[in-house]
């Protein structure tokens with residue numbers, strides 16, 4: 292496999308559920324990111340990991356919990372979400388945390404619906 | 010002034026026409042610039058980097074104007090498949106900022 296792979300592609304969860312989004316990159320990149328994209332809004336950066344260390348957390352509610360066990364894998368653990376958290380969640384990677392020479396490579400995203 | 014600003018559009022352009030849109034940025038120390046393309050309900054994909062001297066890739070031309078702090082994207086001989094949202098991306102020392110995107114509809 293190549294590029295950035297995200298699973299699942301679609302997820303419907305209740306407000307009391309716990310679920311996890313998974314991202315895997317096969318590009319040898321050192322930085323990984325979670326972005327949220329809501330309808331008619333720009334991409335919102337949620338978390339940045341560089342060499343498996345969290346380097347940025349943009350005031351994201353604690354109901355979103357990231358995990359980066361190694362430089363190739365990134366998880367986003369979800370619990371007690373709200374309907375307004377419904378969005379497209381995109382994982383991305385780059386050579387380094389500044390984006391490198393070629394910017395980001397995005398995964399296909401997980402379309403999350405909270406009911 | 011917003012960090013990165015784009016006209017949201019939509020730009021409705023007949024097939025074969027030339028279309029151009031700009032993206033302004035506020036941080037004069039910004040280092041790198043990119044154009045991404047995002048199709049409906051898909052992830053953004055890198056279209057092209059923007060170099061100081063301007064660069065061309067087929068029908069697409071990107072330019073950077075540091076004095077006025079904007080980048081531009083020109084699409085010549087537009088195709089139906091060019092319909093998408095075009096995201097401007099500006100990279101500084103420690104962060105990358107995405108614009109909200111400009112929607113382009115190519116009309117048959």
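Protein chains in written order, with my numbering: chain A, 292 to 406; chain B, 10 to 117. Even glycine gets a Cβ: it sits at the ideal position worked out from N, Cα and C. Being a predicted model, the structure only gives us computed values, none of them experimental.
Go ahead and pull the three-state DSSP assignment for residue i.
i: residue 91(B); result: helix
i: residue 12(B); result: coil
i: residue 375(A); result: helix
i: residue 54(B); result: strand
i: residue 357(A); result: strand
i: residue 383(A); result: strand
Can you tell which of the options has its C-alpha closest to the C-alpha of residue i?
i: residue 60(B); options: 81(B), 12(B), 23(B), 35(B); result: 81(B)
i: residue 368(A); options: 375(A), 356(A), 377(A); result: 356(A)
i: residue 33(B); options: 117(B), 98(B), 114(B); result: 98(B)
i: residue 68(B); options: 74(B), 87(B), 62(B), 77(B); result: 87(B)
i: residue 12(B); options: 115(B), 20(B), 114(B), 35(B); result: 35(B)
i: residue 92(B); options: 20(B), 71(B), 115(B); result: 115(B)
i: residue 83(B); options: 31(B), 62(B), 42(B); result: 31(B)
i: residue 407(A); options: 303(A), 314(A), 297(A); result: The first residue shown for chain A is 292 and the last is 406, placing residue 407(A) beyond what the model contains.
i: residue 326(A); options: 406(A), 306(A), 347(A); result: 347(A)
Quick check on residue i: buried or exposed, where buried means 16 or more other Cβ atoms within 10 Å of its Cβ?
i: residue 52(B); result: buried
i: residue 309(A); result: exposed
i: residue 301(A); result: exposed
i: residue 396(A); result: buried
i: residue 109(B); result: buried
i: residue 323(A); result: buried
i: residue 401(A); result: buried
i: residue 57(B); result: buried
i: residue 100(B); result: buried
i: residue 112(B); result: buried
If I'm right that residue i touches residue j with Cβ under 8 angstroms, what's the distance once you round it to whole angstroms?
i: residue 387(A); j: residue 341(A); result: 7 angstroms
i: residue 385(A); j: residue 398(A); result: Actually they do not touch by this definition, with Cβ atoms about 13 angstroms apart.
i: residue 295(A); j: residue 316(A); result: 5 angstroms
Following a CB-centred definition, is residue i positioned closer than 7 angstroms to any heavy atom of the ligand GDP?
i: residue 350(A); result: No copy of the ligand GDP occurs in the structure displayed, which carries no ligand at all.
Residues of chain D with a CB under 9 angstroms from the CB of residue i: which are they?
i: residue 88(B); result: Of the protein chains in this structure, namely A and B, none is chain D.
>> Three or more C-beta pairs under 8 angstroms: does that hold for the segment 371 to 378 of chain A against the segment 338 to 351 of chain A?
In response: no
> Does the segment 38 to 51 of chain B come close enough to the segment 15 to 26 of chain B that 3 or more CB-CB pairs lie under 8 angstroms?
Replying inline: Between the segment 15 to 26 of chain B and the segment 38 to 51 of chain B there are fewer than three inter-stretch CB-CB distances shorter than 8 angstroms, so the stretches are not counted as touching.
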